[in-house]
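I have placed the structure first, in the form of structure tokens, so that the comments after it can refer back to it.
Number of protein chains: 2
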Amino acid sequence: MAGISAALTLQANKKSFLIFGSAELSDKISKAEKIHNYPGFSDVSGKELVSALKSQLLDANIAVVEEKVTGVYALKEKFTLLTDTGKQYEARTVILATGVESIRLIEGEEAFSGRGVSYCATCDGFLYKGKTIAVVCTSKRLEHEIGYLADFAEKVYLIPMYKNVEIERDNIIKIQKMPKSIAGGLRVNRLIFSTTPMEGIPAELPVDGVFMLRESVSPAVLVGGLNVVDGHVQVDRNMATNLVGCYAAGDCTGRPYQYAKAAGEGNMAAHSVSAYLK
Amino acid sequence: MAGISAALTLQANKKSFLIFGSAELSDKISKAEKIHNYPGFSDVSGKELVSALKSQLLDANIAVVEEKVTGVYALKEKFTLLTDTGKQYEARTVILATGVESIRLIEGEEAFSGRGVSYCATCDGFLYKGKTIAVVCTSKRLEHEIGYLADFAEKVYLIPMYKNVEIERDNIIKIQKMPKSIAGGLRVNRLIFSTTPMEGIPAELPVDGVFMLRESVSPAVLVGGLNVVDGHVQVDRNMATNLVGCYAAGDCTGRPYQYAKAAGEGNMAAHSVSAYLK
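Here's what the structure looks like:
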């Protein structure tokens, strides 16, 4: 919602921009049964709100770029963005509107990020050719990334955090339990499930790497040097982060996780960006 | 918009509250020809958005109390509110969502506030029995207050800042020019229009008092001790002002004056109030 709001206002301000995400817009909104307190809509369903937002973007000639941003690098007065397609983009400013994942970071995840923990199948998949990896996946929409990884790895432990898992491969072993922690030495070497073995679930598994496939990469991992406290990007009243030219809006900046707040912050961030570009 | 958003969220949070304003909700929104960047509505007219908000309030069983708050007094852990009907209300917390008046303060207005400058006809009208007053009025909806004042005062100089002035009285003299400043000694004694006399407009007028009839009273005048900079209530990310228990949201907290921002801030303020009341 924050990203859409920012995009609508940037378009109104005649700024040149790209919005990255899914053409389906927001899983979170779509799944909402009824929304009561978003001003202007009485008892709207999440699906109806998403449909209204879709037609608004269409009317405003805004097309969502369906790529997942996997890294944002702050360079001198510009940013370089990498996406899961391997493409590279440059921008003078960035608005982070990543939302929050309902799944917390796993213990050890941040510590081993870049040392066996990866967020991008297409970026790092080839590193695990013939190896054993674990894949924690939060959304059915990301199943193609699991398939991509299974093409390289010899063995894939899949921990799906969504229903109706469809992917089937000889080298994919499904585990219906969230790991407790990621452990290792210099690099990841195992995934720990339990200190007391449970039926059908191993206490731990030896792995060479762990892929965390989420709809969005957490801001702390996405942007190096970003000030993130308790999983929330720190912003001021203008939605500016600690990095010059980098703004954030919506759930990723903190509670309440509400549509109206996200819309308001996206609007504010777009105005701040417009002012910054002058 | 900020007040409506706050009310919807307070209702969802099962808080007991009153929302003061007009059943017509917002003149500002109503007058908007087209709104493009409020998420969820593509090319909506202001009238359509107001109508959607009205039915949402109706569905949520929220009725606007049609009184104008003329003073907010912070007492020990509670607030006392006075309205233009002479009624008094008590509240543990207050959310200011006054909007911003498009008309600036007149020079001398703040300095003479309480010393001849008044914002409330029903509160202070009787003080001017048999006297000469000026009335600056920004909205046709406030014409009844002019009539109320004309019942007391001997002479009323009316400076209407709206079209289609209807009120006619023998003791009302209309002047179609905004005064430059309010002047006096211990108390107001004159209204200054120009240093160089213009045809049909006096350079200055002797007056015993000046009534500023606006849709809402400016926050600085409304709440004593409130931190207001350049006409904007200073708030933190939680929409808290410098006064404990007093929050603010929407245009009154600063630019951009946008519906989405106002909706977001109202939502945030309501959440902060709910947390504060715990």
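These protein sequences, in sequence, are chains A and B. Taking this note's numbering, I'd label the letters of the first sequence as residues 1 to 278. Taking this note's numbering, I'd label the letters of the second sequence as residues 1001 to 1278. Yeah, the Cβ is synthetic: ideal placement off N, Cα and C, and Gly gets one too.
- Annotated three-state conformation of K31(A) is helix, per DSSP.
- In this structure, S1005(B) sits near G1266(B), with a CB-CB distance shorter than 7 Å.
- Here the alpha carbons of T1070(B) and V1117(B) stand approximately 13 Å from one another.
- DSSP, reduced to helix, strand and coil, places N1238(B) outside both helices and strands of the structure shown, so it counts as coil.
- DSSP places N267(A) in the uninterrupted alpha helix (DSSP H) bounded by Y259 to L277.
- Around the beta carbon of M1001(B), 16 or more other beta carbons sit within 10 angstroms, so the residue counts as buried.
- Taken atom to atom, the span from the alpha-carbon of L1105(B) to that of G1225(B) is near 18 Å.
- Close CB contacts of T1093(B) within its chain, under the 8 Å cut and outside five residues either way in sequence, are with F1079, G1245, C1246, Y1247, V1273, Y1276 and L1277 (chain order).
- Separation of the CB atoms of I1095(B) and A1269(B) is rounded to 5 Å, and the pair is thereby assigned contact status at 8 Å.
- At a cut-off of 3 residues, the continuous stretches assigned as beta strand (DSSP E) that sit fully inside the region 125-165 of chain A are 132-137 and 155-160.
- For the region 5-56 of chain A, there is no continuous beta strand (DSSP E) assignment of 3+ residues that stays within its boundaries.
- Listed in chain order, the positions of the region 1029-1056 of chain B with a beta carbon within less than 9 Å of a beta carbon of chain A are H1036, N1037, Y1038, P1039, G1040, F1041, S1042, D1043, V1044, L1049, A1052, L1053, S1055 and Q1056.
- Residue pairing by DSSP places P1206(B) opposite R1190(B) in a beta bridge.
- Note that the C-beta distance between T1132(B) and V1207(B) is below 7 Å.
- Under the Cβ criterion (8 Å, minimum of three pairs), the region 1057-1070 of chain B counts as touching the region 1212-1224 of chain B.
- Cβ atoms of V100(A) and Y257(A) come within 8 Å of each other, at about 7 Å.
- Taking a beta-carbon distance threshold of 7 Å, P256(A) counts as an interface residue toward chain B.
- Contact between the region 1133-1141 of chain B and the region 1151-1164 of chain B is present: three or more C-beta pairs spanning the two stretches fall below 8 Å.
- Here F1126(B) is exposed. Its C-beta has fewer than 16 other C-beta atoms within 10 Å.
- For G1003(B), there are no C-beta contacts with chain A under 7 Å, since the nearest C-beta of that chain is about 10 Å from it.
- Looking at the DSSP output, E1090(B) sits in a beta bridge with T1080(B).
- Judged by beta-carbon spacing, A1012(B) lies within the 7 Å limit of N37(A), meaning their Cβ atoms are closer than that value.
- Scanning its chain for C-beta atoms nearer than 7 Å, with the 5 sequence neighbours on each side dropped, one finds around F193(A) the residues K177, P179, K180, I201, P202, A203 and E204, in chain order.
- Taking 7 Å as the threshold, the shortest C-beta distance from N267(A) to chain B falls below it.
- Under a 10 Å Cβ-count criterion, T85(A) is classified as exposed, with fewer than 16 other Cβ atoms of the shown protein chains found around its own Cβ.
- Counted as a single uninterrupted DSSP element, the beta strand (DSSP E) harbouring L1075(B) occupies residues V1069 to L1075.
- Taking the Cα of F1020(B) as reference, the smallest distance to any Cα among F1211(B), A1007(B) and N1164(B) is reached at A1007(B).
- In this structure, the CA atom of L53(A) is about 22 Å from the CA atom of M239(A).
- Leaving aside the five residues that flank L49(A) on each side, the residues in its chain whose CB is nearer than 8 Å to its CB run, in chain order, I29, A32, I35, Y38, F41 and Y259.
- Apart from the 5 residues on each side of it in sequence, A150(A) sits with its Cβ closer than 7 Å to the Cβ of V156, R169, N171 and I172 in its chain, given in chain order.
- Only R237, P256 and Q258 from the region 235-259 of chain A bring a Cβ to less than 7 Å from some Cβ of chain B.
- Pairing E145(A) with A121(A), the inter-Cα distance amounts to about 6 Å.
- For G264(A), a Cβ of chain B is located within less than 7 Å of the residue's own Cβ.
- In the DSSP assignment, A97(A) falls outside any alpha helix (DSSP H) and carries neither an H nor an E.
- Buried is the label assigned to D1124(B), since at least 16 other Cβ atoms lie within 10 Å of its Cβ.
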